[in-house]
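A.B. asks:
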Amino acid sequence: MVKIIRVRDYDEMSRKAANIIAAQITLNPQSVLGLATGSSPVGTYKNLVAMYEAGDLDFSEVSSYNLDEYRGISRANDQSYYYFMNDNLFDHVNINKDNTHVPNGENPDADNECTTYDAAVRAIGGVDLQLLGLGRNGHIGFNEPADDFAAATHCVDLTESTIEANKRFFASADDVPRQAYTMGIGTIMSAKKILVVVSGADKAEALYNSVCGPVTPQVPGSILQFHPDVTIVADADALSKFPQE
Ligand code: F6R
């Protein structure tokens with residue numbers, strides 16, 4: 354079931370999403386979080402850091418598994434998702450870094466990396482709360498529009514649209530890695546709860562198609578319609594294709 358929480362803007366989205374994650378950690382201090390990178394969750398992470406600094410949140414027993422990582426990028430590169438997570442969250446809270454996991458983009462053996470990652474997620478009992486952003490083309494993780502849903506963690510070729518969207522973080526489009534390791538749709542769907550943060554008019558079509566369109570691998574986010582517990586926190590611009598109340 355998909356529940357939508359409508360908010361005014363990015364800041365309100367970030368506060369609401371952080372409150373949902375904080376409630377999860379408070380109710381189950383040993384929560385396994387699935388985490389995302391990109392612009393959408395940055396404000397959520399800022400709010401979580403503020404709650405930690407205020408003494409309201411304890412990450413000491415939390416574990417995390419990130420959705421994805423560019424393939425062939427060094428962990429020291431400030432555009433790696435490994436770097437992003439430390440910079441935006443892990444360096445600022447009391448999470449045990451040994452319990453944080455990001456696919457290793459430095460492992461050239463894709464099969465080995467992906468199989469090991471899925472096995473680790475399974476071994477810990479799966480993700481309790483998975484945070485997602487939504488791509489402009491409807492992708493979740495780096496599961497791009499395709500002819501079928503890929504279940505397990507796998508290596509993907511990034512689409513031109515994603516390279517174009519992500520080039521803002523690199524010196525030029527040529528510097529954007531062409532491949533990534535990503536949790537598969539099956540891995541994402543096996544999370545007990547899913548929280549999606551969506552902001553901005555450029556996401557409106559993808560959000561509408563994900564929630565109201567047919568479930569199709571051409572819109573990877575549409576698979577969320579089949580999950581029993583999805584909460585989408587979306588701002589007015591992202592919801593602009595939905596009927597207004
Ligand atoms: C990030 C990820 C991607 C992003 C999506 C939206 O780990 O898996 O699916 O969530 O590309 O990116 P932003 O938030 O930058 O618009």
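Residue numbers for the sequence shown follow this note's numbering, beginning at 354 and rising by one.
Heads up, the beta-carbon is just placed ideally off N, CA and C, and yes, glycines get one too.
The structure presented is a predicted model; accordingly, all values stated were derived computationally and were not measured.
The ligand F6R: which residues have Cβ under 5 Å from any of its heavy atoms, chain order?
C.D. replies: My final list is 389, 390, 391, 392, 393, 420, 421, 486, 488 and 494.
A.B. asks: Go ahead and pull the three-state DSSP assignment for residue 421.
C.D. replies: It is a strand residue.
A.B. asks: Count the other CB atoms within 10 Å of the CB of residue 465; is the residue buried (16 or more) or exposed (fewer)?
C.D. replies: So residue 465 ends up on the exposed side.
A.B. asks: So, helix, strand or coil for residue 505, using DSSP?
C.D. replies: The answer is coil: DSSP assigns residue 505 none of H, G, I, E or B.
A.B. asks: Can you tell which of 388, 377 and 534 has the C-alpha that lies nearest to the C-alpha of residue 506?
C.D. replies: Selected option, being the one with the closest Cα: 534.
A.B. asks: What does DSSP give as the partner residues of residue 496 in its beta bridges?
C.D. replies: DSSP output for residue 496 lists 493 as bridge partner(s).
A.B. asks: Can you check whether the CB of residue 418 is closer than 8 Å to the CB of residue 454?
C.D. replies: Result yes, Cβ atoms of residue 454 and residue 418 sit closer than 8 Å.
A.B. asks: Specify the secondary structure class of residue 477 as computed by DSSP and reduced to three states.
C.D. replies: Coil, per DSSP.
A.B. asks: Going by the CB atoms, is the gap between residue 574 and residue 491 shorter than 8 Å?
C.D. replies: Yes, they are a contact pair.
A.B. asks: Considering only residues of the same chain and omitting the five flanking positions on each side of residue 401, which have a CB-CB separation below 8 Å?
C.D. replies: Correct list, in chain order: 371, 374, 375, 410, 442 and 446.
A.B. asks: With H, G and I counted as helix, E and B as strand and the rest as coil, what does DSSP make of residue 580?
C.D. replies: Three-state result, residue 580: coil.
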